[in-house]
Structures are given as structure tokens and as C-alpha cells.
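Taking the working numbering as reference, the numbering of the sequence shown is continuous, increasing by one, and the terminal residue is 320.
Worksheet: one structure, shown below.
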Amino acid sequence: IANEKISFLWDTEVIDILGEDKVTGLRVRNVKTGAESDLDATGLFVAIGHDPRSELLAGQIDLDDEGYVQVQHPTTATNQIGVFAAGDVVDHRYRQAITAAGTGCAAALDAERFLADRDHEALSNH
195 IANEKISFLW DTEVIDILGE DKVTGLRVRN VKTGAESDLD ATGLFVAIGH DPRSELLAGQ
255 IDLDDEGYVQ VQHPTTATNQ IGVFAAGDVV DHRYRQAITA AGTGCAAALD AERFLADRDH
315 EALSNH
């Protein structure tokens with residue numbers, strides 16, 4: 195790595211976030227040796243990996259072979275009427291916070307349109 199301010203801690207997990215009102219450091223443990231150490235830090239990003247964690251949806255929403263929710267592109271609609279999906283549970287390509295936020299916004303807009311159309315249909319039938 196060209197930037198000397200960046201270092202990698204392989205085989206290491208965060209076991210505690212240090213600080214009272216703000217992050218001041220992290221306590222980490224090497225998973226191979228069990229050795230613990232403290233690192234100075236003013237913040238952290240948490241990444242949970244690339245497993246879509248969609249088990250609770252199985253049998254209720256269509257999932258692909260990898261467990262990602264299938265949506266009706268270009269929308270965020272699922273196979274269940276009125277159910278929309280977004281973020282890492284849908285995205286097996288980019289898997290980034292910014293793209294998850296973008297599809298979250300799209301899902302909110304799709305849900306809003308769905309509800310507005312439903313209300314319009316209800317008014318038309320009366």
C-alpha cells in the first residue's frame with residue numbers, strides 16, 4: 195500500500211469500540227493468536243460481508259440461487275404485490291452503501307407510487 199497511514203490487520207476482529215461520547219479507539223483481537231490490542235481511531239465503518247441474509251424471506255419472496263431477492267427490473271417490486279426490496283439483499287454486483295441507499299430511495303418511490311395508484315383505484319370504484 196502506498197499510503198503509510200493505512201495498514202491492514204489480517205485475521206483480526208473488532209471486539210470493542212472505545213470512547214464515551216465519540217469513538218476514540220477500537221479494541222481488536224487476532225483470531226488466530228487471541229492477542230488483543232487497542233488502536234486509536236476517530237470512527238469506523240461496519241461491513242457485514244456479502245451474504246444477503248435473506249433466509250427469513252425464503253418461501254415468501256422469490257430469491258435467486260445465491261439468496262438475493264429477485265425484483266422486477268427496472269423497479270424494486272418483488273413477486274409479492276406491494277412488497278419492494280432494495281440494498282444488499284438485492285444487489286449482488288456493486289454491494290456498496292451508496293448503491294444500497296440509491297435503491298432504498300427507488301424502493302420508497304416505488305412504494306409511494308403503488309400506494310397512490312391503489313388510492314386512485316379505490317376512489318374510482320366509489
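Glycine included, C-beta positions come from ideal geometry on N, C-alpha and C.
These numbers come from a predicted model, not from an experiment.
Query, Result
"Where residue 214 sits in the DSSP three-state scheme", "coil"
"Span separating the alpha-carbon of residue 305 from that of residue 196", "45 Å"
"Residue from 307, 294 and 248 with nearest C-alpha to residue 271", "307"
"Close-in-space but distant-in-sequence residues of the same chain around residue 261 (CB under 6 Å, 5 per side omitted)", "246 and 248"
"Identified DSSP bridge partners for residue 278", "271"
"C-beta atoms of residue 208 and residue 238 nearer than 9 Å", "yes"
"Neighbour-count burial assignment, residue 282, 16 or more Cβ in a 10 Å radius", "buried"
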